[in-house]
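For the sequence shown, the residue numbers in full-length UniProt numbering are 1 to 210.
Heads up: the structure comes next, in structure tokens.
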Amino acid sequence: MAENLIFYTNPMSRGRIVRWMLEEVGQPYETQLLDYASTMKGDAFLAINPMGKVPAIRHGDHVVSECAAICAYLADAFPQAGLAPDPAHRADYYRWLFFAAGPVEQAVTNKALGFIPGADQMRMAGYGSYDLTVNVLERVVAAGPYVTGDAFTAADVYLGSQINWGVRFGTLPERPAFTAYLERILSRDAYIRASQMDDALMPEGAGAPG
Numbered sequence: 001m002a003e004n005l006i007f008y009t010n011p012m013s014r015g016r017i018v019r020w021m022l023e024e025v026g027q028p029y030e031t032q033l034l035d036y037a038s039t040m041k042g043d044a045f046l047a048i049n050p051m052g053k054v055p056a057i058r059h060g061d062h063v064v065s066e067c068a069a070i071c072a073y074l075a076d077a078f079p080q081a082g083l084a085p086d087p088a089h090r091a092d093y094y095r096w097l098f099f100a101a102g103p104v105e106q107a108v109t110n111k112a113l114g115f116i117p118g119a120d121q122m123r124m125a126g127y128g129s130y131d132l133t134v135n136v137l138e139r140v141v142a143a144g145p146y147v148t149g150d151a152f153t154a155a156d157v158y159l160g161s162q163i164n165w166g167v168r169f170g171t172l173p174e175r176p177a178f179t180a181y182l183e184r185i186l187s188r189d190a191y192i193r194a195s196q197m198d199d200a201l202m203p204e205g206a207g208a209p210g
């Protein structure tokens with residue numbers, strides 16, 4: 001019997017990334033909707049993720065948190081979906097998946113919080129500068145059509161979600177390469193289906209975040 005796949009989320013969270021990935025995978029899963037003020041900080045969920053945040057998944061006896069890790073795990077757990085290159089051709093896949101999870105996430109968050117590393121802080125920051133990080137991100141998607149070449153992968157789910165939210169909420173600039181890339185990936189049936197599912201779970205009067 002197949003192992004149960006449980007998805008812990010809130011529609012106003014990065015859980016939307018994992019919902020998209022789950023829909024790309026195409027396997028049945030159970031959704032557990034959590035509230036920021038109560039169940040997300042309750043003992044039952046803290047036993048799943050001690051950070052008390054979503055998303056997270058439980059697959060049989062295995063728990064995975066952090067969006068990039070979940071995307072990579074699901075691609076490996078369900079290889080029939082074709083969302084990861086074969087092991088001999090994963091250099092770009094790993095490189096840019098974790099570039100998005102590391103430098104891009106840090107650079108965008110720091111800028112949004114008003115922290116701009118000075119010249120003597122750039123090495124400590126790791127990503128160098130916001131402008132450098134955005135320029136590299138642009139080059140990655142401009143080389144397209146997808147992160148690893150001609151095939152859509154889990155790296156596109158994660159990196160594409162970062163670009164989509166960044167452009168939508170102004171934490172990333174609008175650039176032609178970003179626009180063209182988003183047009184390619186956001187037209188996928190799994191993305192549209194996942195967005196509709198999460199939008200239906202949004203509180204009344206709240207705008208959809210992605």
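All residues carry an ideal CB built from backbone N, CA and C; glycine is no exception.
Given the structure is predicted, the values throughout are model-derived calculations rather than measurements.
Segment contact flag, the region 190–201 with the region 135–143, C-beta cutoff 8 Å, min 3 pairs: No: fewer than three Cβ pairs fall under 8 Å.
Touch test, the region 33–42 against the region 6–13, Cβ-Cβ under 8 Å, three pairs minimum: Short answer: they touch.
DSSP-derived helix/strand/coil call for G149: Position 149 of the sequence shown, counted from the start, is the residue given in the question as residue 149. Note: G149 maps to strand in three-state DSSP.
Burial state of Q80, where buried means 16 or more other Cβ atoms lie within 10 Å: The residue given as residue 80 occupies position 80 in the sequence shown. Per the 10 Å Cβ criterion, exposed.
Proximity test, F169 beta-carbon vs the ligand GTP heavy atom, cut-off 7 Å: No copy of the ligand GTP appears in this structure; indeed no ligand is present at all.
Beta bridge counterpart(s) of Q162 as assigned by DSSP: Working through the sequence shown from its first residue, we reach residue 162 at position 162. Secondary-structure assignment with DSSP links Q162 through no beta bridge to anything.
Where Y94 falls: helix, strand or coil (DSSP): Here the question's residue 94 lines up with position 94 in the sequence shown. Helix at Y94.
DSSP-derived helix/strand/coil call for Q80: Counted from its first residue, the sequence shown places residue 80 at position 80. The three-state reading of DSSP puts Q80 in helix, counting H, G and I together.
Paired residues, beta bridge with H89 - DSSP: Position 89 of the sequence shown, counting from 1, holds the residue named residue 89. H89 pairs with nothing; no bridge assigned.
Assumed close pair I75, T148 - CB separation to whole angstroms, cut-off 8 Å: In the sequence shown, residue 75 corresponds to position 75, counting from 1. In the sequence shown, residue 148 corresponds to position 148, counting from 1. It should be noted that the sequence gives Ala, not Ile, for residue 75. 12 Å between Cβ atoms; not a contact.
Cut-off 7 Å between Cβ atoms - residues of its own chain near V54, not counting five sequence neighbours on either side: Here residue 54 corresponds to residue number 54 of the sequence shown, with the count starting at 1. Answer for V54: Y8, T9, N10, S13, G15, L34 and M40, listed in chain order.
Option nearest A143 by Cα separation, candidates Y181, V18, N49 and A100: Translated into the one-based positions of the sequence shown, residue 143 becomes position 143. For A143, the closest alpha carbon among the candidates Y181, V18, N49 and A100 is that of Y181.
Residues that DSSP places opposite Y8 in a beta bridge: The residue you call residue 8 lines up with position 8 of the sequence shown. Answer is Q32 and A56, bridged to Y8.
Neighbourhood of G60 by C-beta distance below 6 Å, restricted to the same chain and skipping five residues each side: As a first step, residue 60 is located in the sequence shown; it is residue number 60 there, counting from the start. Correct list, in chain order: E3.
Buried/exposed call for residue 234, threshold 16 Cβ in 10 Å: The displayed coordinates of the chain run from 1 to 210. Any statement about residue 234 would go beyond what the structure contains.
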